[in-house]
Amino acid sequence: MSSTVNVRLSVNGVERTLEVEPRVLLVHALRDNLGLTGTHVGCDTSNCGACTVHLDGEPVKSCTVLAVQADGAEVTTIEGMGTEDNLHPMQEAFWNNHGLQCGYCTPGMIMSAAALLAENPDPTEAEVRHALEGNLCRCTGYHNIVKSVLDAASKSSGVSA
Amino acid sequence: MSVTDEAPAGHVGRELRRKEDPRLITGRARYVDDISLPGMLWASFVRSSEAHATIVSIDTSAAAARDGIHAVFTGEDMSDLGGPLPMAWVPPGVEVNNPEHWPLARGAVKHVGDPVAVVVGEDRYAVQDAAEDVIVEYDELPAIIDPEAAIAGPPYVHEQFGTNRVHEWSLAGGDVEAGFAEADVVVERRVINHRIAGAPIECRGVLADYRAGSLTLWTATQVPHFVRLFMALLLGLGEDHVRVIAPEVGGGFGQKLQVYGEELFACWASRKLDRPIKWIETRSENMSVAHQGRDQISAVKMGAKRDGTITAFHVKILADFGAYNMILTPLIPSLGAFVMGGCYKIPNVQTDITGVFTNKCPTDAIRGAGRPEATQMIEVTLDQLAHELGMDPVEIRRRNFIPKEDFPAETATGVVYDSGDYHRTLDRLLEHVDVAAFRREQAQLRSEGVYRGIGFCTWTEICGLAPSRITGPAGVGVQAGLWESAMIRVHNTGAVTVYTGTSPHGQGLETAMAQIVADKLGVDPSVVEIIHGDTSMGPEGRNTYGSRSLATGGEAVAKATDKIVDKVKAIVAAELEAAPEDIEVTADRFAVRGSPDKGLALADVAGIAYVGAVPEGMEPGLEETTFYDPENFVFPFGAHACIVDVDAETGKVVVQRYVAVDDCGRAVNPMLIEGQIHGGVAFGIGQALYERVYYDDSGQLITGTFVNYAIPTAAEMPSFETDRTETPSPVNSLGAKGVGEAGTIAASAAVTNAVIDALRPLGVDYINMPLSPMRIWDAISSSQGTNAEGGAQS
Amino acid sequence: MIPAEFDYTAPESLQDAISALVDGGEDAKLLAGGHSLIPLMKLRLAAPSLLVDLRKVPGLHGVERQNGHWRIGALTTHSALEHSPDLGIVAAVAATIADPQVRHRGTIGGSLAHGDAASDLPAVMLLTEGEVTLQGPNGQRTVGAGDLFKDYLTTDVGEDEVLTEIRVSAMDGWGYGHQKFNRRSEDWAMVGVAAVVKANGGTCEDVRVGLTNMGSVPLRATAVEEALRGRELSAENIARAAESAAEGTNPPADLNATTEYKRHLARVLTKRAIQDAVGAG
């Protein structure tokens, strides 16, 4: 086994220190070392986006980031978005609009969708679809996912002209 | 949506948001890979790089010598199994060539990905490293990839049979030859339904824990009860010592309707090593070894009178089963044969099926399982026939629909459709799609060089898989009864736990079943918990596939709840000194008819039942079980329309509109139905336009990852327009039919017809899926004699 | 799914990074965003013995205007390019790379040094008089885009060199168009065409056309350029010129496209890209 490296990062607002092999993928560090199993793995080629987390506020595929590359960074996972008693508006929108079925792609989908609205609070349907092109879903046909994101946008922007 | 004018009186019929969702949207759901056990070891498989080869030697020494590796196993090590992996279809009177299929190859590999060895060690990184160090020497054998070449003769996938034929099976009604003799026009087409992958976003995964004589297996499966039975049989354990748990499962689409060698290996190795064993599949593995679907080449022949009346329909299917028979592999095309007449009154229908082995991943049930293939043959050929006759594609459908008054309707092949009103769904569709306006727009656009087309699909299917008397050993030949079970436990406090024998994995059954129970018991759905997917909880079940869970499992829940209601009414009647038949349920209590304020809530009744203050002769407690075996299948139906634009210069297809009007009987939760239709349609569009499992001539898998296996993204999909009609099924008290496969069964044909409609002015009258840009460009070029090089693969 | 073992270092200066590369020998690799390299490592198609991570090296980020050029730091992400509309065609093309998550990690320097013929930015470099700065143990050198791409996945970047910055012409007064043809919006280009046009009162004063995935390296469609230069930018002239787009190309067939289909696409997409460039000018 190659030597390990220390990685200090903030995960969902909590400072964490890990000792991992440099080859350990961020998604495995989150799941196996920190027990944050809400971030999923659905492919091995950076296509499916089930592993999407926010790295310093930007959506990334945590299966294609080494944990050591996140040294000093702030990571937000689905567990850091909201709890059942205090849901993030995007989580609430997915629930209200039947934006999920099996739920496996959902954490990554919510992370991508939330990042979109942070950048573009009032997207068109086409912009939503384009912004989600890095997240595969096999259950919903995307219809209700898109509806969820547009619903979250309309609620957060309040009355839009 | 304007399905019914009546607002639902209770919870059934309402768009209740899902009980499942809070855990899923917060990342608190537990899929297999989210579960760890003390002392757990990891497994990684070494898989064949060859399509067909004899294994000369396997050198495991370097792998075994690595740090953290506990064992390396090959096929020889597993000689103590009770038998090979199961194939559960034994059709009476039909000979099926069925080779032994083991969790680890014994002596030879039959397709790329076939497992030859497995490494067990401390963590997921160590076992993958060690797996790379296992050296397998192969002696290559000739591989056969093309099913038509395979049926013609050697080389053979399994030499011992002296043929690649798996079986032959036919279903006929009437006399097709006589029917064609009556026809004024006969069209014949070669319909290719290419191979696809189920590709759930969660790959497969298992965690097996054998301790002190008992086995617990967590597995990403649709069928925990089938898995338990075969783990017990093949490992020589009593079923009482085998518990199989399907935890949260990240999609199935039929791929997880299986008993897999990896499941058996993990259980076997856990017993051998006395440690929990976890295996989590990679996507690359999933693409090469998890069973795939479709892969049929058919000769299709349809005859009709000049007025459009269909006189005969005959299809000869060559079905590519890949290298082995999995649990139901050879049955799959037969599921299509049962509805080969579609929603039309065709007096003479015949389906002849030949199964064939090739050196590819096995096929089995994938969303729709035989029925999308049948629908493609019926609906695309019908459009071809309409064109031949100069008829409108909508008109030819109307001309041939089985009329409403014929139901229950027996088809030529003896299948009895439960209920239907095909004109109504089509009428509803045409309220959304103004065909005359479309044709004007289409003509205008063509003059501007834009090729827009419309395609229709009016469909029915057979689902709600049951009843045992038809599907079982004496009938179609599945070696299991396909009934369903439910157990209802009303607790002391009036809270309700429902144990269903189904095993949902995204369909929303926890919500739908709670709605059914809540209405019957006068409680809120929030106090009704649904337990599923754990063989140690509740009665034996038959699980989730074939759009069966509501029509069989939901009805079982309804029937078990009815037994509770009978007992509750007896108790309430005794308490209120009324007759049981005068007790009725309200939104929150059981009361005497006409005095709704006087009554007992379920909690009060449960209290009485558990303190034992029940009427004389009645058992205490409040718990009931039902095994429900329906009289018939259910037959949902619908009318879909798809509008596409084809870029004639590049061949690219863009779906502009997709309108789906479906009828799956009475709705328990319309929101869930819409969601199933959306996903099903996307699955069908995916096959028609984007997805294809492709092997090269040597048997190497080219589409081994999501880079090349092109599941569509949100950017490729349109918004869907959906509507429903409700024609209740007489088969069950809910009036419900299945909906999980409906969209998929309809969509690929609707898309294909739309593309052909768009291409006709360019000289293309027929094209098979996949409707990829290159294949469309190639078809246009060929028809116009402009493409010298050709090159599209058929 | 899991990379093979490797050693790792994250030097804090360019000189230390170069030294680490030299010491690491031929199996040492630079890590920028990692979105070309890590996927290959996960499939074990690449197994470097040492990764030299550039993330702590200062001065490799950012986009700034310098005398009619843009200077782009090698670690500038595709997302940062996409959100710099002044970059014109560079921004437009960057916005079509893969998906948002990949664009947040993938870098222009990493992409150019990797030299994948199917990636989108190399062809743009050919159109914008692009050049890259390489720093090695023996100092600094500049390589023009025409000399950078040598063969499939092979560039002029030495094993001990770091690509530190990219310079492209600001292309003031040029219109641009980009046509990327793929199966899914997240996919690599089956064929891509980028075009820049300098128009002068309806006449083509100058034009450059770059082809992606039409060979082992990005290509200029010089025959198209010659056919259009100095002519009126009419639809007919553009279409006629575009007919030469595949001249001299022999792209390898793949799952989705035969050689002939790719050549056909190059012609169609070239026509459209030039039309877009004229429209956008």
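Chains as they are written, first to last, in my numbering: chain B, 1 to 161; chain G, 1001 to 1794; chain S, 2001 to 2281.
Each residue gets a CB set at the ideal place from its N, CA and C atoms; glycine is no exception.
>> Given this structure, state the Cα-to-Cα distance separating residue 1698(G) from residue 2258(S), to the nearest angstrom.
In response: 19 Å
> For residue 1958(S), which residues does DSSP report across the bridge?
Replying inline: A query on residue 1958(S) cannot be resolved here, the shown segment of chain S reaching from 2001 to 2281 and no further.
>> Is residue 1025(G) close to chain D? Criterion is C-beta to C-beta, closer than 8 Å.
In response: This model lacks chain D altogether; the protein chains it does include are B, G and S.
> Hey, out of 1237(G), 1739(G), 1702(G) and 1029(G), whose CA is closest to residue 1673(G)'s CA?
Replying inline: 1739(G)
>> Counting only Cβ-Cβ distances shorter than 8 Å, please list the residues of the region 2001 to 2013 of chain S near chain G, keeping chain order.
In response: 2001, 2002, 2004 and 2005
>> Does any residue of chain B have a CB that is nearer than 8 Å to the CB of residue 1017(G)?
In response: yes
>> Taking 8 Å as the threshold (beta carbon to beta carbon), is residue 23(B) in contact with chain S?
In response: yes
> DSSP beta-bridge partners for residue 1644(G)?
Replying inline: 1453(G) and 1655(G)
> Quick one: what does DSSP say residue 1561(G) is sitting in, helix, strand or coil?
Replying inline: helix
> Of the residues 139(B), 71(B), 157(B) and 155(B), which one's Cα is nearest the Cα of residue 1679(G)?
Replying inline: 139(B)
> Taking the continuous beta strand (DSSP E) assigned at residue 2093(S), which residues delimit it?
Replying inline: Where residue 2093(S) is concerned, there is no enclosing beta strand (DSSP E), although the alpha helix (DSSP H) it sits in stretches over 2089 to 2094.
> Using a C-beta to C-beta distance shorter than 7 Å, which residues of chain G count as neighbours of residue 96(B)?
Replying inline: 1017
>> Below 9 Å on C-beta distance, what does residue 2102(S) contact in chain B?
In response: 46, 60, 61, 64 and 134
>> For residue 2146(S), tell me which candidate among 2263(S), 2238(S) and 2112(S) has the shortest Cα-Cα distance.
In response: 2112(S)
> What are the boundary residues of the beta strand (DSSP E) that includes residue 1628(G)?
Replying inline: 1623 to 1628
>> Any beta carbon from chain B within less than 8 Å of residue 1944(S)'s own beta carbon?
In response: Lying outside 2001 to 2281, the shown extent of chain S, residue 1944(S) is not represented and no answer is given.
>> Going by DSSP in three states, residue 1727(G) sits in which element: helix, strand or coil?
In response: coil
> Got a sec? Which residues, its chain only, sit under 7 Å from residue 1537(G) by beta carbon, not counting five neighbours each side?
Replying inline: 1499 and 1531
> Of all the options 1683(G), 1776(G) and 1514(G), which has the alpha carbon lying nearest to the alpha carbon of residue 1014(G)?
Replying inline: 1514(G)
>> Contact criterion: CB-CB distance below 8 Å. Does residue 2281(S) meet it with respect to chain B?
In response: Reliability fails at residue 2281(S), whose pLDDT of 41 lies under 50, so the model's placement of it is uncertain and the value that follows must be treated cautiously. Chain B contact via Cβ: absent.
> Opposite residue 2135(S) in the DSSP bridges: which residues?
Replying inline: 2140(S) and 2162(S)
> If you measure beta-carbon to beta-carbon, which residues of the region 1027 to 1052 of chain G are closer than 9 Å to chain B?
Replying inline: 1027, 1028, 1029, 1030, 1031, 1033, 1034, 1035 and 1036
> How would you label residue 1448(G), buried or exposed, when you count the other beta carbons within 10 angstroms and need 16 or more for buried?
Replying inline: exposed
>> Which same chain residues end up closer than 6 Å to residue 17(B) when comparing Cβ atoms and leaving out the 5 residues on each side of it in sequence?
In response: 8
> Count the other CB atoms within 10 Å of the CB of residue 21(B); is the residue buried (16 or more) or exposed (fewer)?
Replying inline: buried
> When you compare each of 1055(G), 1209(G) and 1133(G) to residue 1039(G) by their alpha carbons, which one comes out closest?
Replying inline: 1209(G)
> Secondary structure at residue 1295(G), three-state DSSP: helix, strand or coil?
Replying inline: strand
>> Please list, in chain order, the chain S residues whose beta carbon lies closer than 9 Å to that of residue 1451(G).
In response: Near residue 1451(G) there are no residues of chain S at all, since even the closest Cβ is about 15 Å away, more than 9 Å.
>> With distance defined between alpha-carbon atoms, name the residue in 1257(G), 1301(G) and 1578(G) nearest to residue 1292(G).
In response: 1257(G)
> Which residues bound the alpha helix (DSSP H) around residue 95(B)?
Replying inline: 89 to 96
> Where does residue 1314(G) fall in DSSP's three states?
Replying inline: strand
> Interface residues of chain B around residue 2043(S) at Cβ under 9 Å?
Replying inline: 44 and 45
> Does the Cβ of residue 1696(G) have 16 or more other Cβ atoms within 10 Å, making it buried, or fewer, making it exposed?
Replying inline: exposed
> Closest Cβ-Cβ distance between residue 2183(S) and chain G: below 8 Å?
Replying inline: yes
> Between the region 140 to 157 of chain B and chain G, which residues of the former have CB atoms less than 9 Å from a CB of the latter, in chain order?
Replying inline: 140, 141, 142, 143, 144, 145, 146 and 147
>> Taking the beta carbon of residue 1056(G) as the centre, do at least 16 other beta carbons fall within 10 Å, making it buried, or is it exposed?
In response: exposed
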